[in-house]
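For reference, the structure is listed below as structure tokens.
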Amino acid sequence: MIYDCLIIGGGLAGLICGIKCVSDGLRTAIISGGMNSLHFSSGSIDIAGYTSRGEVIKKPFEYLKTELKENEEHPYAKTGIPGIRGSIGFLTEILSGQGINLNHNNEFNHFHITTLGTLKPTYLSQESVFSTELTEIVKSQKKIAILNFKGFRDYYPDQTAANLKKNALFKEAEIILGDISLPYYTNTEKNLHEFRSIDLARIFETERYLPRIAEEIKKASAGASIVSLPAFIGINNYKTIRKKLESLTGKFIYEIPSLPPSILGLRLDHALKNSFINLGGEYIAGDRVVSGAIRNSQVEFLTTKNSGSIPLKSRFYVLTTGSFFSGGLSAGFDSISEPVFGLKVKYDSKRSKWYNDRFFDKRSHPFLGYGVQTDSRFNPVSENGKTVKNLFCAGSVLSGYNPVRDASGGGIAVATGFKCAERIIKEIKND
Amino acid sequence: MIKIENISFDHCIKCTVCTMYCPVSQATHLYPGPKASGPDAERLRIKNPELVDSSLKFCTNCKRCEIACPSDVKIAEIIQNAKWKYLKIHWFRPRDFFMSRTDFVGGIATIFGALANFIIGLSITRVIMDLFLKIPFNTKFPRYEGTTFRKIFKKELCKSQDGFANKVIYFHGCYVNYNNNELGREFVKVMNALNYGVEMKKEKCCGVPLIANGFIEKARKNALFNISSLQEGNTESKIVSSSSSCAFALKHEYSSFLDLDNSGISDRVEFVTKFIYNEFRSGNIPEMKPLGIRAAYHSPCHLERMGGVMYTLGVLKQIPGLELVVLNSECCGIAGTYGFKKENYDISQAVGKNLFSLIDKAEPEFVITDCETCKMQIEMNTRYKVLHPVNIIAMALDIK
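Quick note, the sequences are listed as chains X and P, same order. If you're matching positions, the first sequence starts at 1143 in this note's numbering and goes up one per residue. If you're matching positions, the second sequence starts at 83 in this note's numbering and goes up one per residue.
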């Protein structure tokens, strides 16, 4: 045996699973084809945001306690609530070790502001999106500045402001709009309209222009004690930069995710990958698993695009290939399949039931709830109907929940990835 | 009608993740990044070649964009194709001509050996090269050997190879032949320790520097020569290369980029660490003594693209007494001949900066990497000596 644990997919679920395995001394590798969806995410981790009727959930754990009793197929029912808490604790610990603080509101959800200016319930956010200090300021102060970088075309503050105004929380608030800019950069090399969030984040990352930027912020946000900027104030060094900006301006700096690529998500991705590699995990990027051979209810080996004649072998395998976009699930005209192992997928056989007529329907679309069918241990069922014992599934390849309707994608990825790792570690230790 | 040669650009969803991971657009705003230069602009170029812009020349072809792409778009390939198809680049480029003829230049330099190194090392030569050839003054060229590896093999090593029932065909490449005979010797030593005899076929430069400098027809000629030469006689044995870029060309680029039929060799071509890894896995592990050494490992871009890094790590982790610090994946900035050109020098240095500081932080005794140009770049810019995985195995074999 070469690896103890081979993880297919380098997203949130795969990374959490990998970090847990490798920190318990397992020889672990992650095979990843292309960058993960953290690059398109808000950078906040949801646990459960909405009920199936679309109402905001205030206390996610309390809600789940009653909800899961009736729904054994839900991935959270299989991890259990202590399992969710344990995995969230593990995630925050790993990230704080990499210099990222994820804040939460104890038993309660909090809101984060989206690019469009809507409010979404979530559970864990970076300190620029949620902190107790922020709630205090919001309560006592009703003046907010929403700023943009002049010429930055991936964010529209007017839209944010207009949508915020529709929300009861901000009805009374006075919102100022404004721009900041860096003339030095506007005169050189590149047309500012070509700048993406990542270009700006790299300029911030150098810390070179902070006093100048602080002056600009002060000028544009007179009187407001909260200033929001599109999320580009640094990547790995953002904590220091934000602190410096806050002390230079005397204002709370809030970050709103811009259009992809998302810097808030990128920070989590970098931190998790660093942690995995530093612990000794092998991150194999840019390869794709083509197929996996199952014999006698066991995965025997994997073939990847690059592996050629040498198949990859491991004692345990974890499938975290995600949903449709990343290729974890594949939809034909009237069937949905799991392409690596041909695992049994749960879906309606009638295509007309896959979706609702209205795109932005509050109930979302049924196809988002389709996925691989697993038992209570997250072992899937192969084509011939037998449970595959040394294969576990985690993250959005799973069936039984709708991440868009429930606002639960991140939490499910973390909780199930972590649970699979725990099971594998236990089995290896019992051997 | 539009000739659709590579429609993978149509799979681009404009997420810009490739640009996030492009080392060149990190280093300079002059390069709009792989998304803009590749799939975005390709739509315009296939309609009207007038719409080609000169920023194409910034691409180093490190292929990190392809690794990052969630939609499997062949971004670097699109850019490389467009660069040589559309950009009007003058045919008379003496520097690029000589730089890409690694076998021709190497052949001459090894005849003069020490004298060649002396002349290349002189400040006056470097000033002249800087002024007239646009090769930056700071560049330290790799030393040339006084003889070629092929001669050494023929004279000293060839005979003892007959005793082995199993053989590998060694594609040594220009670097081993003209600049690092020792690596070739140690390759033979390691193969022999694994009970394989080494055979060599006639070979020409694999074509990587030719492709990088736009001499596509010449690259095709070399590739055709290599494909047919490597298929002569013994067609059973693996073709093993100690250069990650040569292996990448023989195995992938001959068909994907040069449109040639390499099916006769592509399955047999293996980068050396993958070959060794497979042997180790089947229990064929020679006796190695503990090294008691701390080293940092840098993964070359092209080896990553090939998916070869895990095999190198798999082999290195089985060498006793080797404490390995695996550096975060970063481009070193040299990209073959790219960093040896004056117009690219600043970008190349800016790209490599991250890696150099990671190496300094790791405080190793030396650095390990699979690629010869990565080695040159790291040795030029840090105080560490850089070794090949084969050197490390040979070291562990040598300890008495």
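C-beta atoms are modelled at their ideal positions from N, C-alpha and C, and glycine is treated no differently.
Would the beta-carbon of residue i fall within 9 angstroms of that of residue j?
{"i": "residue 321/P", "j": "residue 267/P", "result": "no"}
{"i": "residue 1216/X", "j": "residue 1469/X", "result": "no"}
{"i": "residue 142/P", "j": "residue 430/P", "result": "yes"}
{"i": "residue 1234/X", "j": "residue 1244/X", "result": "yes"}
{"i": "residue 1285/X", "j": "residue 1317/X", "result": "yes"}
{"i": "residue 1171/X", "j": "residue 1417/X", "result": "no"}
{"i": "residue 1267/X", "j": "residue 1185/X", "result": "yes"}
{"i": "residue 1439/X", "j": "residue 1528/X", "result": "yes"}
{"i": "residue 386/P", "j": "residue 411/P", "result": "yes"}
{"i": "residue 1415/X", "j": "residue 1157/X", "result": "yes"}
{"i": "residue 1534/X", "j": "residue 1565/X", "result": "yes"}
{"i": "residue 398/P", "j": "residue 272/P", "result": "no"}
{"i": "residue 1384/X", "j": "residue 1238/X", "result": "no"}
Can you confirm whether residue i, when its beta carbon is compared against all beta carbons of chain X, has any partner nearer than 9 angstroms?
{"i": "residue 388/P", "result": "yes"}
{"i": "residue 154/P", "result": "yes"}
{"i": "residue 111/P", "result": "yes"}
{"i": "residue 427/P", "result": "no"}
{"i": "residue 310/P", "result": "no"}
{"i": "residue 395/P", "result": "yes"}
{"i": "residue 150/P", "result": "yes"}
{"i": "residue 411/P", "result": "yes"}
{"i": "residue 121/P", "result": "no"}
{"i": "residue 233/P", "result": "no"}
{"i": "residue 392/P", "result": "yes"}
DSSP three-state call for residue i: helix, strand or coil?
{"i": "residue 1457/X", "result": "strand"}
{"i": "residue 281/P", "result": "strand"}
{"i": "residue 1266/X", "result": "strand"}
{"i": "residue 1290/X", "result": "strand"}
{"i": "residue 1493/X", "result": "helix"}
{"i": "residue 1247/X", "result": "strand"}
{"i": "residue 1366/X", "result": "coil"}
{"i": "residue 1297/X", "result": "coil"}
{"i": "residue 1221/X", "result": "helix"}
{"i": "residue 108/P", "result": "helix"}
{"i": "residue 134/P", "result": "coil"}
{"i": "residue 395/P", "result": "helix"}
{"i": "residue 401/P", "result": "coil"}
{"i": "residue 1424/X", "result": "strand"}
{"i": "residue 1143/X", "result": "With a pLDDT of only 48 at residue 1143/X, under 50, the local geometry of the prediction cannot be trusted, and no value is derived from it."}
{"i": "residue 1174/X", "result": "strand"}
{"i": "residue 1434/X", "result": "strand"}
{"i": "residue 1522/X", "result": "strand"}
{"i": "residue 1320/X", "result": "strand"}
{"i": "residue 248/P", "result": "strand"}
{"i": "residue 258/P", "result": "helix"}
{"i": "residue 1346/X", "result": "helix"}
When you compare only the Cα positions, how much space is there between residue i and residue j?
{"i": "residue 231/P", "j": "residue 202/P", "result": "21 angstroms"}
{"i": "residue 333/P", "j": "residue 1461/X", "result": "29 angstroms"}
{"i": "residue 1544/X", "j": "residue 1521/X", "result": "20 angstroms"}
{"i": "residue 90/P", "j": "residue 155/P", "result": "5 angstroms"}
{"i": "residue 283/P", "j": "residue 1220/X", "result": "60 angstroms"}
{"i": "residue 1342/X", "j": "residue 1374/X", "result": "6 angstroms"}
{"i": "residue 415/P", "j": "residue 440/P", "result": "14 angstroms"}
{"i": "residue 1419/X", "j": "residue 1175/X", "result": "17 angstroms"}
{"i": "residue 222/P", "j": "residue 469/P", "result": "17 angstroms"}
{"i": "residue 249/P", "j": "residue 1560/X", "result": "46 angstroms"}
{"i": "residue 163/P", "j": "residue 1281/X", "result": "58 angstroms"}
{"i": "residue 1550/X", "j": "residue 1248/X", "result": "17 angstroms"}
{"i": "residue 176/P", "j": "residue 317/P", "result": "39 angstroms"}
Taking CB distances under 9 angstroms as the criterion, tell me whether residue i reaches chain P.
{"i": "residue 1346/X", "result": "no"}
{"i": "residue 1171/X", "result": "yes"}
{"i": "residue 1144/X", "result": "yes"}
{"i": "residue 1350/X", "result": "no"}
{"i": "residue 1467/X", "result": "yes"}
{"i": "residue 1555/X", "result": "no"}
{"i": "residue 1446/X", "result": "yes"}
Could you give the C-beta distance for residue i and residue j, rounded to a whole number, given that I count them as a contact under 8 angstroms?
{"i": "residue 1523/X", "j": "residue 1485/X", "result": "7 angstroms"}
{"i": "residue 1182/X", "j": "residue 1402/X", "result": "5 angstroms"}
Closer than 9 angstroms, CB to CB, is residue i near chain B or not?
{"i": "residue 1416/X", "result": "Absence of chain B from the displayed structure is noted, the protein chains being X and P."}
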